[in-house]
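In the working numbering, the protein residues as written are 224 to 329. What follows is a short report on a single structure.
Below, the structure is given as structure tokens:
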């Protein structure tokens, strides 16, 4: 299943506290087709569902893990305030990393 990487990594937080990856998994299970994020693209509102966001995060986390990204590492993300940036941030957190978002003009 697409969320296995996220589920495995999200469950390893030793504190037991809620994390963004855990909250994402809960929402994707409880309301998979409900809107999670919305963005305007060329004047038309686009919706990303909770299950779509979970799948995107899982794919990004799998890619990061395959490249050697590990718990405790920082991940610089450069981009605009769009769903993909936030998916990347949650993917880093799911692997125990620290997302460091930067704007393109920073």
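By construction, the Cβ of each residue, glycine as well, lies at the ideal position given by its N, Cα and C atoms. All figures in this text were calculated on a predicted structure; none of them were measured in a lab.
| Check | Outcome |
| --- | --- |
| Residue 247 vs residue 280 beta-carbon contact at 9 Å | yes |
| DSSP three-state assignment for residue 293, whether helix, strand or coil | coil |
| Buried/exposed call for residue 244, threshold 16 Cβ in 10 Å | buried |
| Beta carbon of residue 265 nearer than 9 Å to that of residue 299 | no |
| Buried or exposed by the 16-neighbour rule on C-beta atoms within 10 Å, applied to residue 323 | exposed |
| For residue 318, the three-state DSSP class (helix, strand or coil) | coil |
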